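Residue numbers (the UniProt record's numbering): 1 to 417.
In this text, a Cβ means the ideal position worked out from N, Cα and C, and glycines have one as well.
None of the values given here were measured: they were computed from a predicted structure.
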Amino acid sequence: MNKVLLIIQREYLTRVRKKSFIVMIFVVPLLILVMGFVIKLVADDSDKISSLQTVNVIDKSGVFVHKFHDDKNIKFNYALTDLKSSKEILKNSEGISILYIPANYLQKDSVQIFSKKKASLPLADGIEKQMNEIAFADNLLKHNIDPALLASIKKTNISLNAVEISDKGDKNANVGPNILIGIACAIFIYLSLFIYGGQVMRGVIEEKTNRIIEVVISSVKPFQLMLGKIIGVGLVGLTQFSAWIILSVISTKIAGHSLSSPGNPMANALAVIQTIPFGYILGCFLFYFLSGYLLYAALFAAVGSAVDSETETQQFMFPITLPLLFTYILAVSVLFRAPDSPLAVWLSMIPFTAPVAMMVRIPFEPPVWQIAVSMCLMVIAFLFTTYIAARIYRVGVLMYGKKASFKEMAKWFFYKE
């Protein structure tokens with residue numbers, strides 16, 4: 001046990017004493033804040049970023065003449081020339097497009113927009129929206145229905161407030177913040193498993209190629225070395241996350257104090273965030289980070305022991321990381337929309353996909369029994385995976401110059417001590 005503790009201490013102190021580690025503790029939260037500020041700034045000034053587009057309208061139907069309205073990014077003119085002449089003019093012009101509307105504009109793909117460069121998506125969407133509104137109003141007039149009257153009847157502003165019924169009483173469901181927190185946790189888990197698992201694998205490869213492993217193995221058992229490496233790097237990741245969480249809490253408190261004026265939108269957003277059970281979410285995050293890391297790090301260590309360079313790891317890494325990548329894609333596209341769907345439940349139970357899938361579901365408070373089953377399966381999977389990885393590791397770290405394969409690694413598993 002003392003030997004394992006020494007390996008853990010070495011792996012931990014070697015990494016946390018690096019200047020890059022200390023710098024990243026402060027830089028990452030700062031970068032996240034700056035990125036959020038830049039995104040907000042870009043979103044607020046998106047209209048100013050887009051350049052003004054002039055659209056020359058050629059309307060053969062007569063329905064849309066002088067009915068388009070200009071906005072900040074689009075200005076409509078009505079061309080007096082035919083389409084062929086307008087195209088010739090377009091070849092020598094920048095920032096101009098031609099909107100051609102034939103008499104049979106309802107026919108699919110009959111309406112066309114010509115431009116020197118590819119038309120931007122906002123431009124096409126803006127024109128389509130206006131054309132549909134104008135065509136709808138024209139149909140209403142044909143049926144003797146006043147469009148202005150219908151618009152005034154339809155003009156409503158209903159806001160839906162999601163309320164959750166619980167044993168402690170009704171409370172705001174906070175659907176939007178829960179979605180954001182779930183996706184953020186899933187992304188952090190996904191990235192951390194790759195980053196810190198990769199560190200374990202690279203450490204094993206480096207010691208193996210430098211022949212340091214031969215000296216170390218003479219003093220400790222391969223399983224002790226692998227376990228010490230995995231736990232040591234895991235503690236580094238835990239230290240980093242803990243520091244980031246503490247800094248985030250402090251910055252949130254400071255921001256909440258400085259934005260505490262009534263009616264401030266940011267203050268309202270912070271007030272909503274503070275109602276979310278962060279202690280519960282944080283506890284689950286730490287468990288799935290540690291259990292997921294231990295599971296994947298054991299596999300990464302086995303891969304590192306089987307190869308002589310990092311370029312040879314690709315054939316082994318893809319099948320190992322495919323479940324994680326598959327779940328990550330589903331997490332940011334599907335699972336957050338239906339956190340209690342059968343797909344989400346099953347993915348949160350399977351150990352290789354649970355760290356990402358369950359963290360999407362945690363903010364929506366899934367049944368306690370599902371969390372308990374998922375956690376138990378994670379522990380069992382970690383122990384079983386570590387046993388398999390250790391048997392491969394004890395042979396692989398002493399193999400040099402031989403191309404490993406899955407078949408060869410299966411043989412290593414059955415070698416006797």
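Whole-angstrom distance between residue 361 and residue 393, CA atom to CA atom: 35 Å
Proximal residues to residue 147 (C-beta, below 6 Å), its chain only, five neighbours per side dropped: 137, 140
Complete runs of the alpha helix (DSSP H) confined to the region 2-90 [at least 4 residues]: 2-16, 19-44, 46-49, 83-90
Distance between residue 338 and residue 383 (C-alpha atoms, nearest Å): Near 31 Å, if we compare the C-alpha coordinates of residue 338 and residue 383.
Start and end residues, alpha helix (DSSP H) containing residue 380: 368-396
The region 320-327 contacting the region 339-357, beta-carbon criterion three pairs below 8 Å: Segments in contact, yes.
Given residue 78 as reference, the closest of 67, 62, 58 once Cα atoms are compared: 58
Top-ranked residue by Cα proximity to residue 80, from 55, 69, 38, 355: 55
Cβ-based neighbour list, residue 21, same chain, cut-off 7 Å, excluding 5 preceding and 5 following: 15
Residues that residue 112 bridges to, as DSSP identifies them: 100
Residue 18 classed as buried or exposed, judged by whether at least 16 other C-beta atoms fall within 10 angstroms: exposed
4-residue-minimum alpha helix (DSSP H) runs that sit fully inside the region 115-144, ordered along the chain: 121-142
Cutoff 6 Å; reference residue 3; Cβ partners in own chain excluding five residues on either side: 220, 224
Exposure of residue 311, with buried meaning 16 or more beta-carbon neighbours within 10 Å: A residue is called buried when at least 16 other Cβ atoms come within 10 angstroms of its Cβ; residue 311 does not meet this threshold and is exposed.
Limits of the alpha helix (DSSP H) - the one that residue 361 falls within: That run of the alpha helix (DSSP H) goes 354-361.
Rounded C-alpha distance that separates residue 61 from residue 342: 51 Å
First through last residue of the alpha helix (DSSP H) which encompasses residue 408: Per DSSP, the continuous alpha helix (DSSP H) segment holding residue 408 begins and ends at 406-414.
Inter-residue spacing [alpha-carbon to alpha-carbon] between residue 186 and residue 237: 16 Å
Among 120, 90, 128, 309, the one whose alpha carbon lies nearest that of residue 108: Among 120, 90, 128, 309, the Cα nearest to that of residue 108 belongs to 128.
Length of the line joining the Cα atoms of residue 244 and residue 195: 16 Å
Three-way DSSP call (helix, strand, coil) for residue 349 in this model: helix
Residue environment, residue 333, which counts as buried when at least 16 other CB atoms sit within 10 Å: exposed
From 130, 100, 380, 90, residue whose alpha carbon lies closest to that of residue 70: 130
DSSP state of residue 190 mapped onto helix, strand, coil: Here DSSP, grouped into helix, strand and coil, assigns residue 190 to helix.
Endpoints, the alpha helix (DSSP H) within which residue 327 is located: 314-331
First through last residue of the alpha helix (DSSP H) which encompasses residue 301: 278-306
Check whether residue 374 and residue 289 have beta carbons under 8 Å apart: no
Whole-Å CB distance - residue 306 paired with residue 409, under 8 Å assumed: Correct: roughly 6 Å between the Cβ atoms.
Nearest-angstrom Cα separation, counted from residue 278 out to residue 91: 58 Å
Pair within 8 Å by beta-carbon distance, residue 300 and residue 378: no
Neighbourhood of residue 95 by C-beta distance below 8 Å, restricted to the same chain and skipping five residues each side: 51, 52, 53, 54
Under the three-state DSSP convention, the category residue 344 falls into: helix
Contacts around residue 86, its chain only, beta-carbon distance under 7 Å, and the 5 residues preceding and following it disregarded: Within the same chain, Cβ atoms closer than 7 Å to the Cβ of residue 86 are found at 56, 58, 79, 98, the five residues on either side in sequence being excluded.
Nonlocal neighbours in the same chain, by C-beta distance under 6 Å from residue 207, ignoring five residues either side: Once the five neighbours on either side are set aside, the close Cβ partners of residue 207 are 213.
Coil, strand or helix - residue 334 by DSSP: coil
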